[in-house]
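Single-structure report; data block below.
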Amino acid sequence: RLKITTVWGAKGLTAHHVFVLGLCKEAIPGIRTAEYPGTDADYYEEQRRLFYVTITRSRESLVLSRPKKVRPGDAQKLNLQVGAPQFRYSELQMCPFLRDIMDTLPAAVDGEGL
11 RLKITTVWGA KGLTAHHVFV LGLCKEAIPG IRTAEYPGTD ADYYEEQRRL
61 FYVTITRSRE SLVLSRPKKV RPGDAQKLNL QVGAPQFRYS ELQMCPFLRD
111 IMDTLPAAVD GEGL
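Mapping to the numbering used here: the sequence shown position 8 is 18, numbers consecutive.
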């Protein structure tokens, strides 16, 4: 059985295999909106905790994936704040929480060849 959910929707769930897609800074932590009641620091720490909860949901395997670029129109649909496009794409930054754990992960596999 396949279940697709947001990182918020994964809270409290476990699965044999978990795939976390879109781990770019523009998505997580993303930009704090005015609706968030806390401070910028509170928001950042809540996003860090959410990331931790997300990566601890798997029982057998965990796949972490991040995009390196996005088309401006797609960024707008996803509500990502990105820089000016270069050659029809905007560059995306690695999620800082992913960067924090990079030394503890197995070697990355470039998705271009998959």
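Note that beta-carbon positions come from the ideal geometry of N, C-alpha and C, so glycine has one too. As the structure is a prediction and not an experimental result, all values here were calculated from the model.
Check, Outcome
"Within this structure, are the beta carbons of Ile65 and Ile111 separated by less than 9 angstroms?", "yes"
"Go ahead and pull the three-state DSSP assignment for Ala85.", "helix"
"To test your reading of the DSSP string, which unbroken beta strand (DSSP E) runs of 3 or more residues are found completely within the stretch 40 to 95?", "68 to 74"
"Are Arg59 and Thr24 touching if we call contact CB-CB under 9 angstroms?", "no"
"May I have the straight-line CA-CA distance separating Leu102 from Gly48, to the nearest angstrom?", "26 angstroms"
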